[in-house]
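S.K.: Numbering of the sequence shown is given in the working numbering, commencing with residue 9 and proceeding in unit increments.
Every residue gets a Cβ at the ideal spot worked out from N, C-alpha and C, and that includes glycine.
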Amino acid sequence: MEQGNGTSQANTPTFRRDPRLYQIVSLSTLLLYGLFWLHFDVSIWQILITLGVAQLTQYAGTRYFNLPFFDPKSALISSLSLCLLLRTNDLAVAALASFIAIGSKFVIRWKNKHIFNPTNLALVVMLVSGLGWISPGQWGQVAWFGFLVACLGSLVITRAARADVTLAFLTFYIGLLIARALWLGDPLTIPLHQVESGALLIFSFFMISDPKTTPDSRCGRILFALIVALTALYTQFGFFKPNCLLWGLIICSPIVPFIDRLLPGLHYNWLRPTIGHGSVPVQLTPVLQPQRRFS
């Protein structure tokens with residue numbers, strides 16, 4: 009086993025080595041709770057097909073592009089998010105959405121990063137095509153608060169090095185909603201009700217926070233969070249479109265390469281995160297980085 013600074017990889021807690029493991033546990037727990045206690049409008053077959061197609065697509069991409077090993081974790085996170093948010097009456101549509109999500113990571117790329125968050129892209133394609141619709145994530149206060157605690161806990165337990173974009177986005181988005189309510193003289197219960205959405209939590213902790221599709225530097229990520237929040241709110245209140253978060257992120261994602269050029273930083277590795285302005289590595293374990301990473 010390789011050593012790093014005198015400490016073996018085995019001495020590092022698994023969840024801290026790879027935050028995706030905690031994310032998988034959080035999403036899986038929520039899906040099971042919603043399926044059996046909240047009676048989510050999603051069938052067992054849709055879940056199995058969504059998860060299965062995601063893994064098959066990830067495996068096919070791994071083989072086709074000659075990647076060093078098959079890693080199912082990112083594909084599992086994307087497909088679990090699809091199970092929670094995408095609603096359709098056609099199992100073929102669920103399979104197509106899963107294929108689009110994972111396949112896009114291998115095809116739509118720029119300088120070793122995929123441009124769009126896989127779940128975000130698949131959901132927008134389903135919306136535009138009219139093949140599916142989005143669950144708003146109105147799970148009730150108990151489930152919402154429990155999932156919020158789990159999401160916040162993931163930032164602490166995994167020492168998520170890129171929590172800055174999540175916290176920045178929530179600050180900007182909620183702050184702008186409250187500012188708008190105060191400007192219009194609306195009661196604060198209106199913006200507070202707007203943020204009690206499971207979809208907002210999934211978006212903030214599992215989509216916009218995707219380190220493979222966000223700027224490399226901390227300043228760039230905070231700027232990106234502000235731009236996405238402004239775009240989402242303008243989409244909602246200017247064009248009166250629902251699912252404004254999805255539209256905001258899909259519109260803003262192509263500007264990430266320009267932000268990286270303006271505010272450069274270190275590329276992210278799941279097992280060796282970077283923080284700050286992209287110049288300070290936090291080495292949790294020594295990792296050999298292959299030329300191409302599609303996770």
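Classify Y30 as buried or exposed, calling it buried when 16 or more other Cβ atoms lie within 10 Å of its own Cβ.
M.R.: Per the 10 Å Cβ criterion, buried.
S.K.: Exposed or buried, T222, counting other C-beta atoms within 10 Å across all chains shown (16 or more means buried)?
M.R.: That one is buried.
S.K.: Under the assumption that F232 contacts C252 (Cβ atoms under 8 Å), give the Cβ distance between them as a whole number of angstroms.
M.R.: The Cβ separation is near 16 Å, so there is no contact.
S.K.: List in chain order: all unbroken alpha helix (DSSP H) runs of 4+ residues lying wholly within the stretch 73-105.
M.R.: Counting only runs of 4 or more, we get 81-93.
S.K.: According to DSSP, which residues form a beta bridge with R28?
M.R.: Bridge partners of R28: none, in fact.
S.K.: Counting only the same chain and skipping the five closest in sequence on each side, list residues whose C-beta sits under 6 Å from that of K81.
M.R.: Only R28 meet the Cβ criterion.
S.K.: Does I123 come out as helix, strand or coil in the three-state DSSP assignment?
M.R.: Here I123 sits in coil by DSSP.
S.K.: Any idea if N128 is buried or exposed, counting beta-carbon neighbours within 10 angstroms, 16 or more meaning buried?
M.R.: Result: buried.
S.K.: Is there contact here, the stretch 131-147 with the stretch 87-103, by at least three beta-carbon pairs under 8 Å?
M.R.: Short answer: they touch.
S.K.: Which residue or residues does DSSP assign as beta-bridge partners of W118?
M.R.: BP columns for W118 point to K121.
S.K.: Give me the Cβ distance between S86 and I108, rounded to the nearest whole Å; I'm assuming they're in contact under 8 Å.
M.R.: In fact, because the Cβ distance is near 10 Å, the residues do not count as touching under 8 Å.
S.K.: Under three-state DSSP, which class holds I216?
M.R.: Looking at I216 - three-state DSSP - the assignment turns out to be coil, as it is neither helix nor strand.
S.K.: Does the ligand GTP have even one heavy atom less than 7 Å from the beta-carbon of F48?
M.R.: Looking at this structure, you won't find the ligand GTP or any other ligand, since it has none at all.
S.K.: Within its chain, find whatever has a CB closer than 8 Å to the CB of I258; leave out the 5 residues flanking it on each side and keep chain order.
M.R.: Answer for I258: F124, N128, L129, V132, listed in chain order.
S.K.: Which whole-angstrom value is the C-beta distance of P265 and W118, which I expect to be below 8 Å?
M.R.: The Cβ separation is near 5 Å, so the contact holds.
S.K.: Can you check which of these residues, L38, V33, G273, is closest to V150 by C-alpha distance?
M.R.: Per the Cα distances, L38.
S.K.: Quick one: what's got a C-beta closer than 8 Å to F214's C-beta in the same chain, skipping five residues either side?
M.R.: Excluding positions up to five away in sequence, the list reads Q31, L35, I85, S89, T127.
S.K.: Taking contact to mean 3 or more Cβ pairs, one atom from each stretch, closer than 8 Å, check whether the stretch 57-68 and the stretch 190-199 are in contact.
M.R.: With a cut-off of 8 Å, the stretch 190-199 and the stretch 57-68 do not count as touching, because too few Cβ pairs lie within range.
S.K.: Should Y181 go down as buried or exposed, given a rule of 16 or more other Cβ atoms within 10 Å for buried?
M.R.: When all chains shown are included, Y181 counts as buried.
S.K.: By a C-beta neighbour count over all protein chains shown, 10 Å radius and 16 as the cutoff for buried, is D224 buried or exposed?
M.R.: Its Cβ being crowded by 16 or more others within 10 Å, D224 is buried.
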